[in-house]
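Taking it in order: structure first as structure tokens, then the write-up.
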Amino acid sequence: MGTRPLSARPLLAALAATAVSLGCVGMAAGPAQAKKPKPPATTTTTAALPTYPTSIVGVSPQALAKPNESGRTIRSLTMDNGKFYVGYGDYIVNGGPTAVSTFDPATSQFADSGLTAPTEEITTFRKINGKLYAPWTDPTGSATSNQGFSTNASGTWTNEFKAPAEHVYDVATLNGSDLWMVGSAKNVEGTKGGAAAYRSTDGGASWSLVAKDTSSVEMGRERYYWAAALNGKMYMQAQDVLEGAPLRVFNGTSWSTVSGAKPCNTVEARSVEVYNGRILCTSFGVGIVAFDGTRSTTVLPMTDWNVLDFDIPGDGYIYALSRGGVYRSADGLSWKGLTTVPEYAWSIGVHNGTMYLGERLNATIRKVDGLNTNAVPAATAPAPTPTVTTQCKGKSGKGC
Numbered sequence: 025m026g027t028r029p030l031s032a033r034p035l036l037a038a039l040a041a042t043a044v045s046l047g048c049v050g051m052a053a054g055p056a057q058a059k060k061p062k063p064p065a066t067t068t069t070t071a072a073l074p075t076y077p078t079s080i081v082g083v084s085p086q087a088l089a090k091p092n093e094s095g096r097t098i099r100s101l102t103m104d105n106g107k108f109y110v111g112y113g114d115y116i117v118n119g120g121p122t123a124v125s126t127f128d129p130a131t132s133q134f135a136d137s138g139l140t141a142p143t144e145e146i147t148t149f150r151k152i153n154g155k156l157y158a159p160w161t162d163p164t165g166s167a168t169s170n171q172g173f174s175t176n177a178s179g180t181w182t183n184e185f186k187a188p189a190e191h192v193y194d195v196a197t198l199n200g201s202d203l204w205m206v207g208s209a210k211n212v213e214g215t216k217g218g219a220a221a222y223r224s225t226d227g228g229a230s231w232s233l234v235a236k237d238t239s240s241v242e243m244g245r246e247r248y249y250w251a252a253a254l255n256g257k258m259y260m261q262a263q264d265v266l267e268g269a270p271l272r273v274f275n276g277t278s279w280s281t282v283s284g285a286k287p288c289n290t291v292e293a294r295s296v297e298v299y300n301g302r303i304l305c306t307s308f309g310v311g312i313v314a315f316d317g318t319r320s321t322t323v324l325p326m327t328d329w330n331v332l333d334f335d336i337p338g339d340g341y342i343y344a345l346s347r348g349g350v351y352r353s354a355d356g357l358s359w360k361g362l363t364t365v366p367e368y369a370w371s372i373g374v375h376n377g378t379m380y381l382g383e384r385l386n387a388t389i390r391k392v393d394g395l396n397t398n399a400v401p402a403a404t405a406p407a408p409t410p411t412v413t414t415q416c417k418g419k420s421g422k423g424c
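Numbering (the numbering used here), first residue to last: 25 to 424.
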């Protein structure tokens, strides 16, 4: 919110803005058993990554207009109808509102959508039923007023003020006909604020608070940063709850919790994707973690670099950007390194075999020259794809 202190953003997220982004911690879910199932087999290339040249294809005038360097970070690149929707901004230093804008890789032109979102930062776009939703990471209005997201679900871009919220970090669907938005709100438990999840089952006309978490003594940073639907269930877990918060699961009818599970310990919705029957997320010093609803498995160990962003462009792969390079996988388990990246690379988008990188601090988008992702062989033969009954939730909406 425009009136909150600068310390409102979590310390780890603030550190990520200048060093690395935080991801997910993979931990085994459930008590020890006499006989545990074997984790899925994984294969990862470990050879040094090749380095390809990159060239600047554009500098976002919208991001460049932000009042501080962090606000000029290109936080996400989400492809829709031949154009990348550009996430940017900074909710540590208030610099909103934020124009919804695009980058056309065919012409290297940036354009406004015609809508300005009342948020200090657009972190990511989610695609649901072929439409885009931009959660208001840090709304510019009152923390007790209705807040929400920007969307083109009606055919044109509109701002949707849906429920009282201080932050809205993610938008999701469980069954394709409902909508969820998660983040934080005031007065979720008496006068205490905390993590808040809202759901609508009537096309967004009305919303109900369906999940909440707070501390015995409110810390002011209790939040749901992500929500992910997997195999007919919605998963979410609050961050920064003093006593710890359980992994919450909604099966379409009732709620339950998973004791001891913490698959995605992240402050970035963009670092959580559903792909090939698993929730994939990241963790500094750990790598990429895959969660199948029961157990977490580290599928891409990375002790030096953290994965910053995922992209699912619809070419049969999921791509992961880290400060050490770009990796991709056909099944979410076996990963192949593709290329090193420039120091400032912060987001990734792949389109028609070309890789694009959004940079932090300078509003710049680069493309990787000489690398055709359509011509790169797979790391291994892809594992059989399990049947997935949930709606795909991701930047592209094509990966599940």
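Glycine included, every Cβ here is placed at the ideal spot set by N, Cα and C. Predicted model only: the values in this text are computed from it and were never measured.
Any beta strand (DSSP E) of 3 or more consecutive residues that is wholly inside the segment 267-351: 271-274, 279-282, 296-299, 302-307, 311-315, 320-325, 331-335, 342-346
W279 to A221, Cα distance in whole Å? 13 Å
Mapping DSSP to helix, strand and coil, what is Q86? helix
Check the C-beta distance from S2 over to A189 and give it rounded, since I have them as a contact under 8 Å. Residue 2 is absent from the structure shown; the chain starts at 25 and stops at 424.
Given F134 as reference, the closest of P85, T102, G228, G276 once Cα atoms are compared: P85
With a threshold of 7 Å on Cβ separation, who are the neighbours of S137 within its own chain once the five nearest residues in sequence on each side are excluded? V124, S125, T126, W181
Cβ shell of W160 (< 7 Å), same chain only, five flanking positions each side left out: A141, P142, T143, Q171, G172, F173, V192
Is it the case that the Cβ atoms of I152 and T225 are separated by a distance below 9 Å? no
If you run the structure through DSSP and keep just helix, strand and coil, what is T97? coil
Quick check: what's the CA-CA separation for K90 versus P325? 36 Å
DSSP has W204 in a bridge; who is on the other side? A196, R223
Can you tell me whether DSSP reads A229 as helix, strand or coil? coil
Suppose you measure from the CA of S45 to the CA of S240; what does that come to, to the nearest Å? Confidence is the limiting factor: at S45 the pLDDT is only 37, short of 50, which leaves the residue's position unreliable, though a coordinate-based value still follows. Answer to the nearest angstrom: the Cα atoms are 28 Å apart.
Can you tell me where the beta strand (DSSP E) with M243 in it begins and where it stops? It is not in any beta strand (DSSP E) - M243 carries neither H nor E in the DSSP assignment.
Reduced DSSP category for T78 - H, G, I as helix; E, B as strand; rest coil: strand
Which residues in the same chain have their Cβ closer than 6 Å to the Cβ of V265, if we skip the five residues on either side of it in sequence? D237, S239, E246
Whole-angstrom C-beta distance between L345 and Y368, which should lie under 8 Å: No, Y368 and L345 are not in contact; Cβ-Cβ is about 12 Å, not under 8 Å.
G256 versus K216, G301, N398, residue with shortest Cα-Cα distance: G301
Tell me the DSSP secondary structure of T238 in three-state form. coil
Do L357 and A19 count as a contact pair if the criterion is CB distance below 9 Å? Only positions 25 to 424 of the chain appear in the structure, and residue 19 is not among them; the question remains open.
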